[in-house]
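Residues in the sequence shown are numbered from 1 upward in steps of one, following full-length UniProt numbering.
All C-beta atoms in this analysis are idealised placements derived from N, C-alpha and C, irrespective of residue type, glycine included.
I have placed the structure first, in the form of structure tokens, so that the comments after it can refer back to it.
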Amino acid sequence: PAAFADAAFRFGHSLIPRALERWSPTHRYIGARRLSSTLQQPYDLYKPGAYDLYLLGLVNQLAQAMDFSITEEVTNHLFQEPAAEFGRDLAAINIARAREHGLPGYNRYRRLCQLSDMYSWSDMGHHLPNASVTGYHQMFSRPDDVDLWSVGVTELPEMG
Numbered sequence: 001p002a003a004f005a006d007a008a009f010r011f012g013h014s015l016i017p018r019a020l021e022r023w024s025p026t027h028r029y030i031g032a033r034r035l036s037s038t039l040q041q042p043y044d045l046y047k048p049g050a051y052d053l054y055l056l057g058l059v060n061q062l063a064q065a066m067d068f069s070i071t072e073e074v075t076n077h078l079f080q081e082p083a084a085e086f087g088r089d090l091a092a093i094n095i096a097r098a099r100e101h102g103l104p105g106y107n108r109y110r111r112l113c114q115l116s117d118m119y120s121w122s123d124m125g126h127h128l129p130n131a132s133v134t135g136y137h138q139m140f141s142r143p144d145d146v147d148l149w150s151v152g153v154t155e156l157p158e159m160g
């Protein structure tokens, strides 16, 4: 259950858009507002008719891809106070939560799925973007130490 709550279910954080779009009832784009601004100061939603425009925006706005790219709106500006330069980092929160709950590294879950271990950094290169492998190699001593959530959103999709 912890692996699902702390890693798998959080894959959606890579789907979060940079801005919330507003669209008209005739499905015409009106504009957008930064996600961090909307989360911290949602007062625009209280204006007559604004809620409907944002709801139509959610219907019309293109979804982000599930990948290792996470908008700065939640990695640098989450819950940012109006006068502050930065806010919280959702990716760091995800990783810290999983570590606090004692989740083992990504390879342990590959074994549970009867997949082969990634014994070396070059093994990881067959399943992850090169930039991610390079980053992990700089941060971790060995592939077994890499966090489940981090690799989970970075992993290249399999064919089929």
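Asked, Found
"Does the Cβ of F68 have 16 or more other Cβ atoms within 10 Å, making it buried, or fewer, making it exposed?", "buried"
"Run through DSSP, which three-state label would Y119 get?", "coil"
"Report buried or exposed for A7, applying the criterion of at least 16 other Cβ atoms within 10 angstroms of its Cβ.", "buried"
"Alpha carbon to alpha carbon, how far is N159 from G49?", "Residue identity check: residue 159 is Met in the sequence provided, not Asn. Taking the straight line joining both Cα atoms gives about 44 Å."
"With a 10 Å radius around its C-beta and 16 neighbouring C-beta atoms as the bar for buried, classify I95 as buried or exposed.", "buried"
"Rounded to whole angstroms, what is the Cα-Cα separation between Q40 and H127?", "37 Å"
"Between the C-alpha atoms of R22 and G57, what's the straight-line distance to the nearest angstrom?", "5 Å"
"Does the distance from the C-beta atom of D52 to that of T75 stay below 8 Å?", "no"
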